[in-house]
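Residue numbers (our numbering): 82 to 255. Glycine included, C-beta positions come from ideal geometry on N, C-alpha and C.
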Amino acid sequence: MIERVLVVYGTKYGSTQEIAQSIGDTFRKEGLAADVRRAADVRDLRPYGAVVVGGGLYANRWHRDARRFTRRHRRALKEHPLWLFSSGPLDPSAAEREIPPVPGVRRIADRLGARGHATFGGRLDGTANGRLARMIVKSGKGGDFRDFEQIAAWASGIAAALAGEEVRHRETRE
């Protein structure tokens, strides 16, 4: 029985954290218990029946904390229903079409048997630290390209898949 879902994230500027929180909120609305935590802070997956891992994309790579989380927990993640998400495009492309995972995330998904992946738009604004981030914002390429309706729809699909598994599991026992 899926009693609790873990949503973990790796982020540099906080955008991916807000996406993870939105996913957790959607799970709760769908009747699932959900914990949303930084990937670097999670030590044990035993309390969870399913896991969602998200990472911000930087230079076409997932945030280090998300990558490390999947390596550190690879055995346990193979035993859990698992979904992945990426955030990052600083344009409307992620809301307009499905964007496949970057190669490193694709390898993680394949290795761990992830059931799905989604790429969501990112956010980069004037509050971001770092020279490169400030240069991107100054050049006019920053902004908030997250589509929270798209994110909620994706999370609702996961909740429905988990509910369907629960029904099939119950029918098998009866």
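Unbroken beta strand (DSSP E) runs of no fewer than 3 residues, entirely contained in the stretch 163-221, are found at 163-168, 197-201, following chain order. By the neighbour-count criterion, in which a residue is buried when 16 or more other Cβ atoms sit within 10 angstroms of its Cβ, P182 is buried. Between F201 and the set T151, A115, G91, G135, the nearest pair of CA atoms involves G135. Its Cα nearest to that of G185, the residue W143 stands out among Q98, Y129, G105, W143.
Judged by DSSP secondary structure, D116 falls within the beta strand (DSSP E) whose first and last residues are 114-119. According to DSSP, residue pairing for R149 in a beta bridge does not occur.
Boundaries of the alpha helix (DSSP H) harbouring L158: 155-159, taken from the DSSP string. Nearest to R118 by alpha-carbon distance, out of I217, A233, D146, is D146. Sequence-distant partners of T208 (beyond 5 residues in either direction) whose C-beta falls short of 8 Å from its own C-beta, in its chain, are Y94.
Between V86 and G105, the alpha-carbon positions lie close to 8 Å from each other. Nearest in C-alpha terms to H161, of all of Q102, L205, P128, is P128. In the DSSP assignment, L138 forms a beta bridge with W143. Taking A190 as the centre and dropping the five residues before and after it, the same chain places the C-beta of L165, P182, H198 closer than 7 Å to its C-beta, in chain order. The DSSP-derived three-state label of R85 is strand. One alpha carbon belongs to A157, the other to S168, and they sit about 24 Å apart. The DSSP-derived three-state label of D228 is coil.
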